[in-house]
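Visitor: Chains as they are written, first to last, in our numbering: chain D, 1 to 142; chain R, 1001 to 1285.
Backbone N, C-alpha and C define an ideal beta-carbon position, used for all residues, glycine too.
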């Protein structure tokens, strides 16, 4: 079984799927990802599937369940780099991936996460930035 | 064997007077065509056909699927193809072969042949006629396939309207095959141009029913899966009424009346605003 590496990139986790996934790797990935989100407190997950050529209903459902799992742990999921053939297959399978954000490539995916983070007011990466922001009473501590 | 005997008897009939037989056959075949084909055009074709048929009969063969009939089969297929393309009906094409039957019956009557021979002739020509009909149908199907392919080729350009905005002006009815091609082309264009916004313009789509709407929705969802926002534009008043009457839900997919509106929507969405600039001269006057 191949394990998919999970990389940390700033406040986000990057999962780059380079091979066509077997079912047990998919299950392992979900477990690993849940652990890493908790361990790192990441605010976003980017799944890069630009190398994936074949999907079935199981892999399709994986994206949805990873997104649901991430949302429970307060992280947003963005699936990036989906190939046209894969998109058509998912539509034909009737999977529209409700609740999953998508982007054309990794860069645009990261931009979406940045935008979401800005909207939620979580920019706790830079201490200077934090210091300049006026502290509103009642706001949760970062 | 009865078959061998039958073929010999038919051969004798044909050989009695081949020229007269051919002449009668051609005359009988041309009659219902009302001048669209002259005897002079038909005679060489039928002459060749009759010669190859006599050859096959000479070998004592009545099974038109056998190797002995390769010649007649090729000629019949060629003839059917030709007639199909020239717009003759299937009945006219098959009748031309069946008219050989009547001609032979006439000869058999004259020679006082038994019923058995008449039956053999009838069966033999029936198989030839059916083969012609099949060849005709194949030729017609080929014409239809070719035309459908040509139609698909000219149907779907994907145009770039702005940096990051592509559009597909759809023209003609949407069926599954076309939707598939539109979808593939649009999605590929999104990848190639890195566009995050797409507009599907249905000004040229004559009617929208639930099936067409379903196809449109599929395309939009596929584009979304790839991370692009899709707008449907060019909805004419009648089409809007049909959509409402049929109870089609486009959900949260933005729809616009004209391509211009959709382009503006796409530009604003990507952070570009369109501003009309007052000319200095006009402002001063």
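Along the segment 66-89 of chain D, where does the CB come closer than 7 Å to a CB of chain R? Name the residues.
Guide: Cβ contacts with chain R: 80, 82, 84, 87 and 88.
Visitor: In whole angstroms, give me the CA-to-CA distance for residue 43 of chain D and residue 117 of chain D.
Guide: About 8 Å.
Visitor: On the criterion of 16 or more Cβ atoms from any shown chain inside 10 Å, does residue 1006 of chain R qualify as buried, or is it exposed?
Guide: The residue is buried, with at least 16 neighbouring Cβ atoms inside 10 Å.
Visitor: Are the segment 1252-1261 of chain R and the segment 1224-1234 of chain R touching by the rule of at least three beta carbon pairs closer than 8 Å?
Guide: Enough Cβ pairs lie closer than 8 Å, so yes.
Visitor: Whose C-beta lies closer than 8 Å to the C-beta of residue 84 of chain D among residues of the same chain, with five residues either side of it excluded?
Guide: Correct list: empty, nothing qualifies.
Visitor: State the start and end residues of the unbroken beta strand (DSSP E) segment that holds residue 1169 of chain R.
Guide: Residue 1169 of chain R -> beta strand (DSSP E) spans 1165-1171.
Visitor: Residue 91 of chain D and residue 1128 of chain R - do their beta-carbons sit closer together than 9 Å?
Guide: For residue 1128 of chain R and residue 91 of chain D, no; Cβs fall outside 9 Å.
Visitor: Counting only C-beta atoms, is residue 1267 of chain R closer than 9 Å to chain D at any point?
Guide: Cβ-Cβ to chain D under 9 Å: no for residue 1267 of chain R.
Visitor: Using DSSP bridges, identify the partner residues of residue 102 of chain D.
Guide: In DSSP, residue 102 of chain D forms a bridge with D/79.
Visitor: Can you confirm whether residue 1078 of chain R, when its beta carbon is compared against all beta carbons of chain D, has any partner nearer than 9 Å?
Guide: No - not a single Cβ of chain D is within 9 Å of the one on residue 1078 of chain R.
Visitor: Give the straight-line distance between the Cα atoms of residue 1137 of chain R and residue 1090 of chain R, rounded to the nearest whole angstrom.
Guide: Using only the alpha carbons, I get a separation of about 8 Å.
Visitor: Please compile the residues from chain R whose C-beta is within a distance smaller than 8 Å of the C-beta of residue 96 of chain D.
Guide: Within 8 Å Cβ-Cβ: 1221, 1224 and 1225.
Visitor: Confirm, please, whether the CB-CB distance from residue 1212 of chain R to residue 1264 of chain R is below 9 Å.
Guide: Cβ atoms of residue 1264 of chain R and residue 1212 of chain R: not closer than 9 Å.
Visitor: Pull out every residue of the segment 32-64 of chain D whose Cβ sits closer than 8 Å to any Cβ of chain R, in chain order.
Guide: Cβ contacts with chain R: none found.
Visitor: Measure the alpha-carbon distance for residue 1134 of chain R versus residue 1248 of chain R and round it to whole angstroms.
Guide: The alpha-carbon atoms of residue 1134 of chain R and residue 1248 of chain R are separated by roughly 43 Å.
Visitor: So, is residue 1288 of chain R buried or exposed, given that buried needs 16 or more other C-beta atoms within 10 angstroms?
Guide: Residue 1288 of chain R falls outside the range modelled here, since chain R spans only 1001 to 1285, and no answer is possible.
Visitor: Rounded to a whole number of angstroms, what is the C-alpha to C-alpha distance between residue 1019 of chain R and residue 1069 of chain R?
Guide: Each residue's alpha carbon lies about 22 Å from the other.
Visitor: Taking contact to mean at least 3 C-beta pairs separated by less than 8 Å, is the segment 1091-1107 of chain R in contact with the segment 1061-1075 of chain R?
Guide: No contact exists between the segment 1091-1107 of chain R and the segment 1061-1075 of chain R.
Visitor: Consult DSSP for residue 977 of chain R and reduce its assignment to one of helix, strand or coil.
Guide: No statement about residue 977 of chain R is possible, as the shown extent of chain R runs from 1001 to 1285 and does not include it.
Visitor: In whole angstroms, what separates the C-alpha of residue 31 of chain D from that of residue 1262 of chain R?
Guide: Looking at the two C-alpha atoms, the distance is approximately 43 Å.
Visitor: Beta-carbon within less than 6 Å of residue 1081 of chain R's beta-carbon, same chain only, minus the 5 sequence neighbours each way: which residues are those?
Guide: Contacts found: 1139.
Visitor: Excluding the 5 residues flanking residue 68 of chain D on each side, which residues of the same chain have their C-beta closer than 8 Å to its C-beta?
Guide: For residue 68 of chain D, where only same-chain residues beyond five positions count, the Cβ hits under 8 Å are 99.
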